[in-house]
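Novice: The structure's right below; bear with me while I get my questions together.
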Amino acid sequence: MRLSFRQVETREDVEAAARLASEIWNEYFVSIISTGQIDYMLDKFQSAHAMTDQIERQGYEYYFMQADGENVGYMGIKPEETKLLLSKFYILKACRGQGYASEAMSFLEELCRERRLGAIWLTVNRHNASTIAIYEKKGFRTVREQAADIGGGFVMDDYVMEKEISLDQ
């Protein structure tokens with residue numbers, strides 16, 4: 002099954018993306034961070050209000066990953082001067098393992114080529130071993146460690162990973 006990608010544009014889209022975020026984060030991250038940190042981060046970074054601010058004021062773009070017209074995940078990106086920040090990349094539990102991450106990565110690589118961006122970079126929790134392994138398989142390499150105080154008594158303890166994109170294809 003092929004994925005399609007639809008940009009998040011309307012208020013209803015943003016609300017749907019925030020619902021996806023809540024569902025995915027509450028299922029996936031409970032083994033990595035506390036429920037208190039999940040709630041805090043959802044409110045601060047992935048609520049409808051936060052996403053709207055990111056889109057309208059910070060230069061972010063959000064995309065739904067869709068299979069048969071249904072949202073199976075979403076991505077949040079921010080084009081920078083020479084690179085693309087992959088800020089959010091989440092797939093529903095029932096839809097993992099079906100090649101969607103590979104299709105989404107191909108979409109992002111093509112977007113980089115169209116916009117002449119020579120790399121994709123991201124942050125990933127240092128304790129998220131399965132996701133780190135997926136990114137490594139997709140050609141990302143760890144370039145540094147990063148700890149960031151995000152407020153509320155919480156710290157994001159991450160690796161910064163990057164993948165170079167050939168612009169000649």
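With the first letter of the sequence shown counted as 1, position 164 gets the number 165 in the numbering used here; the numbers rise by one all the way through. Where is the CB? At the ideal position from N, CA and C, for every residue including glycine.
1) Using a 10 Å radius around the Cβ and a threshold of 16 neighbouring Cβ atoms, would you call L109 buried or exposed?
2) As a quick exercise: from E16, G140, L118, pick the residue whose alpha carbon is nearest that of T83.
3) Any chance you could list the beta strand (DSSP E) runs of at least 3 consecutive residues sitting entirely within the region 87-166, in chain order?
4) Buried or exposed: I34, going by 16 or more other Cβ atoms within 10 Å of its Cβ?
5) Based on the DSSP secondary-structure assignment, which residues constitute the bridge partners of N72?
6) Between D158 and the rest of its own chain, which residues show a CB-CB distance below 7 Å, the 5 nearest in sequence each way excluded?
7) What residue range does the alpha helix (DSSP H) around R12 cover?
8) So what does DSSP say about L85, is it helix, strand or coil?
9) Does DSSP put D77 in a helix, a strand or coil?
10) Quick check on S5: does DSSP put it in helix, strand or coil?
11) Please look up how many angstroms separate the CB atoms of Y75 and L21, rounded, as I've assumed it's under 8 Å.
12) Between N129 and V73, what straight-line distance do the alpha-carbon atoms span, to the nearest angstrom?
13) Please report the residue range of the alpha helix (DSSP H) in which E55 lies.
14) Keeping to the same chain, check which residues put their C-beta closer than 7 Å to that of N27; ignore five residues upstream and five downstream.
Specialist: Well, looking at it:
1) The Cβ neighbour count for L109, taken over all protein chains shown within 10 Å, is at least 16; the residue is labelled buried.
2) L118
3) Uninterrupted beta strand (DSSP E) stretches at least 3 residues long and entirely within the region 87-166 occur at 120-126, 142-152, 155-165, given in chain order.
4) Flag for I34 reads buried.
5) Q67
6) N126, R127, A148
7) 12-29
8) It is a strand residue.
9) In the sequence under discussion, the amino acid at residue 77 is Gly, which differs from the Asp named in the question. Correct three-state label for G77: strand.
10) strand
11) 5 Å
12) 21 Å
13) First, the residue type needs correcting, since residue 55 is Gln and not Glu in the sequence shown. Where Q55 is concerned, the enclosing alpha helix (DSSP H) stretches over 49-58.
14) I39
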